[in-house]
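Protein chains in written order, with this note's numbering: chain A, 258 to 552; chain B, 453 to 760.
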């Protein structure tokens, strides 16, 4: 068994993983990476050794811990990249003589022709390639504020793009003229699907969002349904921005609430998708990368 | 024809502008203009605020007639004046005003306008109808044609007029999205001076270019504000200007592509520097346009009301 940690900007999840990819134990720590000194980070890693003395071999880490905000600034690899490619370019470090390896993030030229970057999701995508045994697939990762649509072809991560969907939904709910009407959490129902249809049909996001106000004025929408409707518009628009039909299978992974909304919206617009656990994908991704190290 | 000076007040949610309207003065004299707090920011009775703002003029002319437009006529304003339904001939707007007496002054509050917009939704405006009326007064010869107007702001209004009649309009969240995303998102860095940097035209036009190549992909395009600063960190210019280009470009693309016909010229009315940004973006998209000052249009609107 070994330790694999995905460490993002606001929280980390550390797992004790068996050599066949099963999760034996898991801890989550909420901490802002930007507030930590290198000594704080090393102290945190020592706690993993103390918690799991039976762990063997190097600790594997992925995510923003490998950025300029984190512990070591590891250069992004350029797509396409397969699992072997990731394993060969790990950043080698030590704490108290124990090896600590960081999986590099990726950069690519997105389907929109501009550059994009990610850290952590490469390990998640590696886990999907292994555990679902897929060569060509699309995976949407929505753990927090920014969703990544990751394209996998021929067993390699070929490109991806990031979307503002979730962060914009929260910003509208907290600080816009719709804030007072968006106190309720979104629910999957008629108002949500009406929003999905609107967003999926396109036509200018700014004017689509304003229909949340005019819908209430005209009585077509109940003010308490505003949050559901707005989330529907944003998710419908996000799905429209990528042509999911190019891939035989779409997987969705992330925080439970958001994954549920995306899965319902995808099914509403007749795109088949399968929800997969983030923990499961990270464990298999770390394990496969570890196996490549031993060869 | 009303021959005495009166006060015109455009009172919106976030700001108020009162102007002295003098019958022999065809254009607004900027020294006869005062600004005040918007409806949502008032901390004392609206009547007190109004009388204090216009006091210097009343010293000269005595108690004055007051005509008001904007959110002051809404359910968060002073008196709810309702809406005129589109298609609406704006020339007789005054006949739908709500008139009342306040400390010896006659006050009239104009109605807003209501329509079914291009997406089949009910839509409303308050204040912009007066600017449109004023624009027509200043451009009598042009108003025979079908015209597309853009009135940029927090909530941008896109209006279609024909023969001086307001046919329909559509509201888009534009300025508000910009404020929201610059203040409350990861897109524009707060830690360096770029937040308060002046407008950078080149960055703005790159935003317009990106969104016009991918017009229905704003959620992805918005994030490019950040990713380009991480990956291409040399020569990215100013993030806020780039973001503005994305949002204004998206607004224009949606308005043009949703229009039933192509308009040879789009008439932009509003605050000068914001209008110039829309004009820059339209020029890049090959769309002719013309900018008219919002305050001049409001003044002309007040002056063309049929005040008895």
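Think of the CB as a built atom: it goes at the ideal place given N, C-alpha and C, for glycine as much as any other residue.
Distance from the CA of residue 580 of chain B to the CA of residue 500 of chain A, rounded to the nearest whole angstrom, comes to 39 Å. Listed in chain order, the non-local C-beta contacts of residue 546 of chain B below 6 Å within the same chain comprise 757 and 758, local neighbours out to five positions each way being set aside. Scanning its chain for C-beta atoms nearer than 6 Å, with the 5 sequence neighbours on each side dropped, one finds around residue 660 of chain B the residues 697, 701, 733 and 736, in chain order. Taken atom to atom, the span from the alpha-carbon of residue 369 of chain A to that of residue 427 of chain A is near 25 Å. In chain order, 633, 634, 646, 647, 677, 691, 692 and 695 place their CB closer than 8 Å to the CB of residue 640 of chain B, counting only its own chain and leaving out the 5 sequence neighbours on each side. Residue nearest to residue 440 of chain A within the set A:268, A:433, A:473 and A:484 is A:484 (criterion: CA-CA distance). Contacts between residue 720 of chain B and chain A, judged by CB atoms closer than 8 Å, are missing: the closest CB pair is about 16 Å apart. In the DSSP annotation of this structure, the continuous segment of the beta strand (DSSP E) that includes residue 471 of chain B starts and ends at 467-473.
Any Cβ of chain A closer than 8 Å to the Cβ of residue 611 of chain B would place that residue at the interface, and such an atom is absent. A residue is called buried once 16 or more other Cβ atoms fall within 10 Å of its Cβ, and residue 528 of chain B, having fewer, is exposed. DSSP places residue 330 of chain A outside both helix and strand once states are collapsed to three, so it counts as coil. With 16 or more other Cβ atoms inside 10 Å of its own Cβ, residue 573 of chain B counts as buried. Of all residues in the stretch 446-458 of chain A, none places a beta-carbon less than 7 Å from a beta-carbon of chain B. Proximity of residue 500 of chain A to chain B, defined by a Cβ-Cβ separation below 8 Å, is not satisfied. For residue 316 of chain A, the uninterrupted beta strand (DSSP E) segment begins and ends at 316-320.
Fewer than three pairs of CB atoms, one per stretch, sit closer than 8 Å, so the stretch 390-400 of chain A makes no contact with the stretch 706-725 of chain B. Within a 10 Å sphere around the beta-carbon of residue 300 of chain A sit fewer than 16 other beta-carbons, which makes this residue exposed.
DSSP places residue 455 of chain A in the uninterrupted alpha helix (DSSP H) bounded by 447-458.
Using a Cβ-Cβ distance cut-off of 8 Å, the stretch 333-343 of chain A and the stretch 515-527 of chain A are not in contact, since fewer than three pairs of beta carbons, one from each stretch, lie closer than that value.
Residue pairing by DSSP places residue 375 of chain A opposite A:363 in a beta bridge. Residue 486 of chain A counts as buried, since at least 16 other C-beta atoms from the protein chains shown sit within 10 angstroms of its C-beta.
By the neighbour-count definition (other C-beta atoms within 10 Å, threshold 16), residue 281 of chain A is an exposed residue. Neighbourhood of residue 705 of chain B in chain A, by CB distance below 8 Å: 461, in chain order. For residue 607 of chain B, the residues of chain A that pass the 7 Å Cβ criterion are 467, in the order they occur in the chain.
For the pair of segments examined, the stretch 336-351 of chain A was found to touch the stretch 406-425 of chain A: the number of CB pairs separated by less than 8 Å reaches three.
For the stretch 347-380 of chain A, the beta-carbon criterion of a distance under 8 Å to any beta-carbon of chain B is satisfied by 364, 367, 369, 370, 371, 372, 373 and 374. Nearest Cα to residue 650 of chain B within the set B:628, B:689 and B:540: B:689.
Inter-segment contact for the stretch 576-591 of chain B and the stretch 614-632 of chain B is present: three or more beta-carbon pairs are separated by less than 8 Å.
Buried is the label assigned to residue 494 of chain A, since at least 16 other Cβ atoms lie within 10 Å of its Cβ.
Along the stretch 613-640 of chain B, the positions whose C-beta sits under 9 Å from a C-beta of chain A are 622, 623, 624, 625, 626, 628, 629, 631, 632, 633, 635, 636, 637, 638 and 639, read in chain order. Residue 547 of chain A: member of the alpha helix (DSSP H) spanning 535-550, first to last residue.
Within its own chain, the residues whose Cβ lies closer than 6 Å to the Cβ of residue 727 of chain B, once the five positions on either side in sequence are excluded, are 720 and 743, listed in chain order. Here residue 321 of chain A really is in contact with residue 377 of chain A; their C-beta atoms are around 7 Å apart, less than 8 Å. At the C-beta level, residue 489 of chain A and residue 451 of chain A come within 8 Å of one another. Distance between residue 730 of chain B and residue 584 of chain B, taken at the CA atoms: about 18 Å. Considering only beta carbons, the part of the stretch 417-442 of chain A lying closer than 8 Å to chain B consists of 418, 419, 420, 421, 422, 424, 425, 428, 429, 431, 432, 433 and 434, in chain order.
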